[in-house]
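Per my numbering, the very first residue in the sequence shown carries number 1150; after that it's consecutive. Heads up, the thing below is written out as structure tokens.
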Amino acid sequence: MLRTLRAVAAGRWPRAARRLDTVCALALGLSVLFGVAPSSAQTSPGLVSISELDSTIVLDIRYASNDNFVGTRIDGYEDPVCLLSAPAARALVEANRILAGMGFRLGVFDCYRPQRGVDHFVRWSRYALDQKMKGVYYPNVDKKLLFELGYIASRSGHSRASTADVGMLVSADSSADGPLEWVDMGTPFDYFDPLSHTDAPGLSREQRYHRDILRDAMREAGFRNYAKEWWHYTLIDEPYRDQYFDVVVKVPRD
């Protein structure tokens, strides 16, 4: 479809041995808690800043600000940067190249997400009285159903470092170096509603066109879409498929 449109991630042990066994078990438990597979000595993924590979990709990292469904900066986000595994970062650059050929620019809302950020979402979801962002992000959904409906989970593919939430921008005045504006995708990012499902009915022709272009470009670059969120894409050949990390999101500093 993309070509057509172009044409248009129980024995008895000695006491000392029991103490050692307990310590080992605790260490193993902590390794799982913080996202490191028990069989791996690796403590964090090799994260790449997308801006170092392609400075034309637009960043709007919502969880490093108050502009998100929780209404406050999310735990683990120190800087508004997009970090990904190296294969996912390269693939995202390729998606931007594909979109640029059709006059669009790739924009990013979220990339790698530390487990502590996911835990922040879980805590928020259990506090029923906090509804301050309901009118903006989930006006038609009961907050207590966000887990059941698949909008929030206790584990996120983002923590495996090969998932990104993306949108598209276009020049506001049709000039090559003019200001950019987000294209109309039918709903905002993180809008918890059936209308955000990628193939949702009820979209205008332009909105449907934009979603199709984004999905086809991301597919060609090696990503798959999460059907309930038009913005959510995971690298098909993600390198850390069974690992969940908790490294803080920040600009690398010497």
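The beta carbon of each residue, even a glycine, is placed where N, CA and C say it ideally should be.
Buried/exposed call for residue i, threshold 16 Cβ in 10 Å
i	result
Y1382	buried
R1272	exposed
A1277	exposed
D1291	exposed
N1245	buried
P1194	buried
D1339	buried
G1252	exposed
A1190	In this prediction, A1190 scores a pLDDT of 29, lower than 50, which makes its location untrustworthy; the coordinate-derived value is nonetheless stated afterwards. Classification for A1190: exposed.
Cβ shell of residue i (< 7 Å), same chain only, five flanking positions each side left out
i	result
P1263	G1225, S1308, F1394, D1395, V1396, V1397, V1398
H1346	A1376, K1377
D1386	P1236, G1371
E1243	A1370
A1186	With a pLDDT of only 38 at A1186, under the threshold of 50, the placement of this residue in the model should not be trusted; the figure read from the coordinates follows. Result list for A1186: D1391, Q1392, in chain order.
W1380	F1258, D1314, V1315, G1316, F1338
E1227	V1397, V1398, K1399
D1279	W1273
A1321	G1327, P1328, L1329, E1330
K1293	A1277
Y1286	F1218, D1339, Y1340, F1341
C-alpha gap between residue i and residue j, whole angstroms
i	j	result
S1204	D1326	14 Å
V1219	V1400	23 Å
G1284	V1315	22 Å
A1249	V1319	9 Å
P1343	P1288	12 Å
V1197	L1233	5 Å
A1240	P1388	13 Å
L1384	S1303	20 Å
I1206	P1229	13 Å
Y1358	A1349	12 Å
G1299	I1362	25 Å
R1354	R1360	10 Å
A1310	R1402	19 Å
Proximal residues to residue i (C-beta, below 6 Å), its chain only, five neighbours per side dropped
i	result
L1352	G1335
I1223	Y1212, G1266, H1269
N1215	T1221
C1231	I1199, L1208, V1257, C1260
S1274	L1295, I1301
A1238	V1197, I1199, L1202
K1281	G1220
R1364	N1374
I1210	P1229
Beta-carbon contacts of residue i that lie in its chain and below 8 Å, excluding the five residues immediately before and after
i	result
I1247	L1151, A1366, E1369, A1370
Q1145	Because the chain here runs from 1150 to 1403, residue 1145 falls outside it and cannot be looked at.
Three or more C-beta pairs below 8 Å linking the stretch 1329–1347 and the stretch 1250–1263: yes
field: Length-filtered (3 minimum) beta strand (DSSP E) runs lying within the stretch 1298–1323
entry: 1312–1320
- prompt: What residue ranges within the stretch 1237–1295 form continuous beta strand (DSSP E) runs of no fewer than 3 residues, ordered along the chain?
  reply: 1254–1259
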